[in-house]
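Heads up: the sequence shown is residues 32 to 632, going by the numbering used here.
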Amino acid sequence: MGKVARTIDEVMELKKELATTYGELWKDFDKDEKYYDLRFLDELGLPDEFRNDGTVLPTAREIVDTAVDHVAPAFRRVSVPRVSATSSATKQATALADFYRALLSYFERAAKDNPFRQVVKHLFMHGMGCMKEQYDPAKIPMEPIQEDDEEDEDFKFREMDFKDAKSSLVPFALEVVHPREIMPDPWNDPPEFYIQTSRIKVAAALHYDRFERGSLKLTDDVDIVEYWDGEHRTLMVDTTPKVQNIANKNIQPILAGDVDDEEFHTHGLGGMPYTVYAAGLGNENSSHKPELKYVGLLRYLRGMLEAESRGYSITDIVLKGQAFPNRVAQGDNTNQMEDFKFEFGVVKKLPPGVTIVDIQPLAPADQLRSHVADTTARIERNSAPRSVRGVQDPGISTGFQQQLVQNKAALKYGTVAEAFQKMLEDLCKIAARNVERKVQGRITLIKEAEEDEFVSISKRTINGHHAVDVKINVSEAEDELRKNQNAAQLVAANIWTRRHAIKKISPDVDPNKMFAGIMAENMILSPLFMQFLSQLAVQNVSEELSFDQLIEQVEAAVTAAGSAGNGPTPDLGSERTGSDAQGDRSDQADQRTLAGRNQGV
């Protein structure tokens with residue numbers, strides 16, 4: 032795939048054309064955020080005198096946040112298929128899967144705000160999510176060199192800092208791009224180019240060495256325009272973000288290029304750093320309009336959200352008016368009444384022909400409350416049902432039934448979960464390409480990996496193998512427990528082997544290592560092991576050996592006994608005569624007899 036835009040002018044022309052293509056979608060994005068931030072009080076149509084009494088219910092936030100809670104922190108499983116049935120291919124697939132798991136964990140922990148939660152929120156709110164993963168050589172630490180006048184102790188501290196940084200060397204930067212800032216190629220699938228426009232202050236743009244500030248203030252706004260295609264990229268500053276202008280005098284290329292008069296740079300990544308997906312809630316019809324493709328949960332619920340808040344506000348206003356009785360005096364002699372107050376326990380006289388009448392509202396309060404409840408129920412059916420919000424459904428009395436209903440309701444989020452899975456897979460593939468093409472040496476992720484899962488990786492390990500599969504489970508932990516119980520039953524029925532069950536239940540760990548650990552625990556709990564341990568404890572009590580030392584000796588003895596086959600058991604205690612052994616057997620017989628009597632009692 033070649034370069035789509037060939038000059039800075041062409042990039043800016045594309046940007047202007049795409050601004051028209053995505054214009055309606057951007058308006059929808061603004062409205063989505065308006066409703067999520069509960070800033071639609073003016074849309075309720077309340078009379079001016081009651082506007083301050085209006086209430087915007089937080090239903091929009093609950094809809095989005097509930098959906099995010101079901102997908103963002105979901106159980107994540109990463110697997111890599113083997114390229115062949117050889118042992119080397121198995122080791123390669125295991126190493127790559129460990130690397131990808133550690134990488135995704137690193138992206139989660141390295142950022143102050145969880146980037147995966149942010150992008151899932153964008154998918155649910157706007158119907159579009161975008162992440163950008165780039166190789167960042169600035170993150171590679173420089174090996175320290177001791178200066179002539181530097182103390183040895185100070186240099187050792189710098190060496191320790193270098194080793195600590197090197198132990199978690201990840202020269203990748205992950206950015207969650209707001210959907211409002213990214214413009215994918217709308218004419219090709221997959222896109223052949225991306226244009227990203229981010230508005231920043233001049234003070235933030237000064238870290239680009241080639242940017243010329245001129246007369247701009249530090250607080251002025253400028254646009255950073257970034258163009259990527261399959262082979263080239265360019266980066267520029269637009270100093271007139273509020274004016275439609277594509278003149279080069281307002282555009283400053285700030286990326287050192289190597290082609291086309293230094294306007295474009297050959298990135299050599301083998302692909303683009305973006306992963307952009309739709310939530311799958313829209314409808315891509317023959318018009319191919321972006322505003323129909325990228326649809327979030329709130330897009331078609333705005334009228335219902337307004338109706339719910341409007342009904343609640345009216346109910347609240349009416350109830351306020353009904354909280355205290357509203358009465359009027361009727362009759363010909365009402366002008367004879369002075370200030371009249373109802374007082375508890377006091378009977379007052381009224382002028383002849385005067386009566387007190389209660390004023391009833393045109394819409395009774397119970398009718399208003401019923402209308403609000405009906406509106407809320409309709410919103411639930413189209414967004415976040417009761418079960419996924421932790422509320423028990425009527426008629427369900429058991430936890431198992433509630434779990435089934437909850438899992439069924441969570442399927443409403445399945446399309447977003449699928450899009451999120453593909454985005455995570457793309458992040459892994461982009462990282463693999465960067466390791467092959469950009470990273471010199473090895474990448475180490477000791478800190479971010481689980482125990483014994485991952486140490487380091489290099490381009491030789493990847494060797495062009497970029498296939499990866501990421502699965503997430505939007506169900507609760509109880510569903511995982513049920514799967515584990517089913518696996519245990521299959522092992523007990525000799526349908527699955529232990530290694531296969533370990534691989535299915537915990538694909539993040541090495542089944543061989545886990546199986547070896549299980550065998551070691553079984554050996555420790557065996558009667559032979561306990562016998563050796565008792566003998567050693569008696570024999571070495573005077574030597575004050577620690578428990579760990581005793582365990583080591585017993586393991587060595589058991590290993591020796593196992594290697595000897597059916598040979599004699601190694602003697603760990605003092606030599607015993609035949610009469611001693613016979614006495615021991617007599618004692619054991621007495622103990623069994625006593626135990627039998629106790630059970631009979």
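Heads up, the beta-carbon is just placed ideally off N, CA and C, and yes, glycines get one too. Predicted model, so just to flag it, every value in this text is computed and none were measured.
According to the DSSP assignment, A532 belongs to the alpha helix (DSSP H) that extends over R529 to I536. In this structure I503 is in contact with F106, their Cβ atoms being roughly 6 Å apart against a cut-off of 8 Å. Taking 8 Å as the upper bound for CB-CB distance, F155 and V95 are in contact here, some 5 Å apart. Inter-residue distance for D252 and D180 is about 46 Å (C-alpha atoms, whole angstroms). Taking a cut-off of 8 Å on C-beta distances, the region 171-179 does not touch the region 224-236, as fewer than three cross pairs fall below it.
Listed in chain order, the non-local C-beta contacts of I282 below 7 Å within the same chain comprise I39, M43, M267 and D269, local neighbours out to five positions each way being set aside. With fewer than 16 other CB atoms across the displayed protein chains lying within 10 angstroms of its CB, P78 is exposed.
Looking only at Q367, D397, H101 and D370, the smallest Cα-Cα distance to E449 is reached by H101. Of all C-beta pairs linking the region 235-250 to the region 84-94, fewer than three are shorter than 8 Å, placing the two stretches out of contact. Under the DSSP assignment, I461 falls in the alpha helix (DSSP H) whose first and last residues are G445 to R468. DSSP, reduced to helix, strand and coil, places L205 within a strand of the structure shown. With respect to the C-alpha of G334, the residue from S401, A463 and T407 having the closest C-alpha is T407.
Annotation for G160: the continuous beta strand (DSSP E) segment containing it runs M159 to Y166. In this structure, V111 and A498 form a Cβ contact; the two beta carbons are roughly 7 Å apart against a cut-off of 8 Å. The beta-carbon distance between G313 and G158, rounded to whole angstroms, is 6 Å. This is short enough to meet the 8 Å contact definition. Going by C-alpha positions, T306 is about 22 Å away from I474. Counted as a single uninterrupted DSSP element, the beta strand (DSSP E) harbouring T306 occupies residues Y305 to A309.
An exposed status is given to Y331, since fewer than 16 other beta-carbon atoms sit within 10 Å of its beta-carbon. Residue range P542 to I555 is occupied by the alpha helix (DSSP H) that includes M550. Between the region 141-150 and the region 83-90 there are fewer than three inter-stretch CB-CB distances shorter than 8 Å, so the stretches are not counted as touching. Distance from the Cα of R108 is smallest, within the candidate group S115, S136 and R244, for S136.
Leaving aside the five residues that flank E337 on each side, the residues in its chain whose CB is nearer than 7 Å to its CB run, in chain order, F71, E74 and L75. In its chain, beyond the 5 residues on either side, P146, Q149, V150 and M162 have a beta carbon closer than 6 Å to the beta carbon of V207. Annotated three-state conformation of V385 is coil, per DSSP. In this structure, N465 lies near Y166, with their beta-carbon atoms less than 7 Å apart. For P284, the CB contacts under 8 Å within the same chain, skipping 5 residues up- and downstream, are I39, R241, T265, L266, M267, E293 and E294 in chain order. Between E322 and D59, the C-beta gap is smaller than 7 Å, which places the two residues in contact. The straight-line gap separating the alpha-carbon atoms of E184 and I176 is approximately 13 Å. Membership of H101 in the alpha helix (DSSP H) is indicated by the continuous run T90 to V102. In this structure, R230 sits near D254, with a CB-CB distance shorter than 7 Å. Around the beta carbon of F138, a 10 Å sphere encloses 16 or more other beta carbons of the protein chains shown; the residue is thus reported as buried. Per the coordinates, the alpha-carbon of H319 lies some 16 Å from the alpha-carbon of A310.
Excluding its 5 nearest sequence neighbours in each direction, D500 has C-beta neighbours in its own chain below 8 Å: V109, S110, V111, P112 and E456, listed in chain order. A Cβ-Cβ separation of about 5 Å places E164 in contact with P304 under the 8 Å criterion. Going by beta carbons, N364 and G384 fall inside the 7 Å limit.
Nearest in C-alpha terms to N219, of all of D347, V35, T117 and S489, is V35.
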